[in-house]
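Numbering that gives the first Met the number 0 puts the first residue of the sequence shown at 0, with every later residue one more than the last. All C-beta atoms in this analysis are idealised placements derived from N, C-alpha and C, irrespective of residue type, glycine included.
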Amino acid sequence: MKSILVTGGAGFIGSNFVPYFAEKYPDYFIINLDKLTYAGNLENLKECESLPNYVFVKGDICDESLVKSLFVKHDIKGVIHFAAESHVDNSINGPKAFIKTNVMGTFNLIENARQHWMTAPHQFRKGYELCRFHHISTDEVYGTLGETGLFSETTAYAPNSPYSASKAGSDFIVRAYHHTYGMDITTSNCSNNYGPKQHSEKLIPTIIRKCLGEEPIPVYGNGKNVRDWLYVLDHCKAIDLIFHQGKSGETYNVGGHNERNNLQIVNTVCRILDQKKPRKKGFYTDLINFVPDRPGHDLRYAIDAKKLERELGWKAKERFETGIVKTIMWYLAGN
Ligand code: NAD
Numbered sequence: 000m001k002s003i004l005v006t007g008g009a010g011f012i013g014s015n016f017v018p019y020f021a022e023k024y025p026d027y028f029i030i031n032l033d034k035l036t037y038a039g040n041l042e043n044l045k046e047c048e049s050l051p052n053y054v055f056v057k058g059d060i061c062d063e064s065l066v067k068s069l070f071v072k073h074d075i076k077g078v079i080h081f082a083a084e085s086h087v088d089n090s091i092n093g094p095k096a097f098i099k100t101n102v103m104g105t106f107n108l109i110e111n112a113r114q115h116w117m118t119a120p121h122q123f124r125k126g127y128e129l130c131r132f133h134h135i136s137t138d139e140v141y142g143t144l145g146e147t148g149l150f151s152e153t154t155a156y157a158p159n160s161p162y163s164a165s166k167a168g169s170d171f172i173v174r175a176y177h178h179t180y181g182m183d184i185t186t187s188n189c190s191n192n193y194g195p196k197q198h199s200e201k202l203i204p205t206i207i208r209k210c211l212g213e214e215p216i217p218v219y220g221n222g223k224n225v226r227d228w229l230y231v232l233d234h235c236k237a238i239d240l241i242f243h244q245g246k247s248g249e250t251y252n253v254g255g256h257n258e259r260n261n262l263q264i265v266n267t268v269c270r271i272l273d274q275k276k277p278r279k280k281g282f283y284t285d286l287i288n289f290v291p292d293r294p295g296h297d298l299r300y301a302i303d304a305k306k307l308e309r310e311l312g313w314k315a316k317e318r319f320e321t322g323i324v325k326t327i328m329w330y331l332a333g334n
């Protein structure tokens, strides 16, 4: 059995990825290392508890001796790295945790992988030639777009928030380990995800929660900030594909060609809830409340995923119109 270290598997994307991956690959033994910060939730991994090829380890990716001991104990031969501080608003209020986990944590992981897999630059230990480190990043490293254009893999990095700067830092570390040591690495830069199990602080869960709680729905600025939305399972499938078939040293952008501004998202969620769970009086849009904009708020992100589509045959299966209904129904089911 090949042991794969997944970090941050109790978070939103990780807890969608781990059950999918563990069931698809019964020959992999999956070690899920997660610190269980406020963003991690083991309730979202209940379906994995009885799987014979899965184990959970509570711990910090920055902990040198813990990470080293996991590599040795499980003879880890692949890493899929999700763990991060991920909420932009939190990075504005407290950037230190972002630098620590996203930059130092990524460094600690990849350095331990290097020590376990390699004997010297460009020389793998015998039997470790196929060990790969997959790093999960974000489209936010590219900064902001105007009204037109798309981020491609060759777009220059221009991060604008402490979150995106820390992710950019981690991307560069991973890149350097490929160029300097010849490590087998891949990186994916994905657009905004949505779907079941997302933390309530993020945009779509906030809208749903506020609607169901009959509270004002906060919309930053004029609500015109545009994001490119991808259903979380489509992201998980892209990671699986890149981890197995991506070219070493390459970066792949992942996006759903689903650009929506925040106000469109709010209106869509409200409209669906008006049908599925009407208010006693009025419409959910009556709850919309514009609040002062986030400092440094990027106007628009949009991903060009052609490389992933062309080279690895990936395509987003879920359209926003269908994925958002699935997401809302998950919340309405009492989750
Ligand atoms: P999340 O905040 O929901 O989950 C992060 C997980 O990492 C949590 O379970 C948390 O407990 C864990 N964690 C945090 N610090 C840790 C540490 N020091 N050691 C061990 N575990 C730690 O995040 P998410 O939305 O699932 O995002 C996962 C990854 O995908 C991140 O790297 C993020 O940058 C990237 N990403 C997210 C999105 C998105 O829309 N959510 C889009 C593109 C990229």
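Query	Result
For K275, which three-state DSSP category applies?	helix
Under 6 Å from any heavy atom of the ligand NAD, does the C-beta of I30 make it?	no
So who's on the other strand from N188, going by DSSP bridges?	S136 and N252
Please state whether DSSP places E48 in a helix, a strand or coil.	coil
P161 by DSSP, collapsed to three states: which one?	helix
If you count every other CB in all the chains shown that lies within 10 Å of the CB of E258, and 16 or more means buried, which is it?	buried
In the structure shown, what three-state DSSP assignment does Q263 receive?	helix
For E63, which residues from the same chain have a beta carbon less than 8 Å from its beta carbon, with the 5 sequence-adjacent residues on both sides left out?	N107 and N111
On the three-state DSSP scale, how would you describe T6?	strand
Looking only at DSSP bridge pairs, what is Y127 linked to?	Paired residues: none, contrary to the question.
Please list, in chain order, all residues of the same chain as C189 whose beta carbon is under 8 Å from its beta carbon, the five residues on each side excluded.	I135, S136, T137, D138, L229, H234, A237, N252, V253, G254 and I302
Counting only the same chain and skipping the five closest in sequence on each side, list residues whose C-beta sits under 6 Å from that of G126.	none
Just confirm the distance between the C-beta atoms of I98 and I172, as a whole number of angstroms; I'd bet it's less than 8 Å.	Rounded, the Cβ-Cβ distance is 12 Å, inconsistent with contact.
Provide the residue span of the alpha helix (DSSP H) that contains G13, from first to last.	F11 to K23
Would you check if there are 3 or more beta carbon pairs closer than 8 Å linking the segment 162 to 180 to the segment 195 to 208?	no
What did DSSP end up calling L240 once you bin it into helix, strand or coil?	helix
Alpha carbon to alpha carbon, how far is T186 from I241?	8 Å
Going along the chain, which residues of its own chain have a beta-carbon closer than 8 Å to the beta-carbon of I184, five neighbours each way excluded?	I109, R131, F132, H133, H134, V173, R174, Y176, H177, S247 and G248
If you draw a straight line from the alpha carbon of I12 to that of R124, how long is it in whole angstroms?	32 Å
Rounded to whole angstroms, what is the Cα-Cα separation between Q114 and I29?	20 Å
Tell me whether E258 sits in a helix, a strand or coil according to DSSP, three-state version.	strand
Do N31 and G16 have their beta-carbon atoms positioned less than 7 Å apart in this structure?	In the sequence under discussion, the amino acid at residue 16 is Phe, which differs from the Gly named in the question. In this structure, N31 does not lie closer than 7 Å to F16 by Cβ.
Among the residues of its own chain, which have a CB less than 6 Å from the CB of S14, if the five just before and after it don't count?	N43, L44 and K196
Determine the direct distance from the alpha carbon of T179 to that of L129, and round the result to whole angstroms.	17 Å
Whose C-beta lies closer than 8 Å to the C-beta of G145 among residues of the same chain, with five residues either side of it excluded?	L298 and R299
Would you list the one or two residues that DSSP bridges to L229?	N192
Helix, strand or coil for F55, going by three-state DSSP, please let me know.	strand
Could you tell me how far apart the beta carbons of V218 and L262 are, in whole angstroms, since I believe they sit closer than 8 Å?	6 Å
Report yes if the C-beta of I302 is less than 6 Å from at least one heavy atom of the ligand NAD; otherwise report no.	no
Report all residues from its chain with a CB closer than 6 Å to the CB of F289; omit the five preceding and five following residues, and keep chain order.	V218
In the DSSP assignment, the beta strand (DSSP E) including M328 goes from what residue to what residue?	No beta strand (DSSP E) holds M328; the alpha helix (DSSP H) holding it covers F319 to L331.
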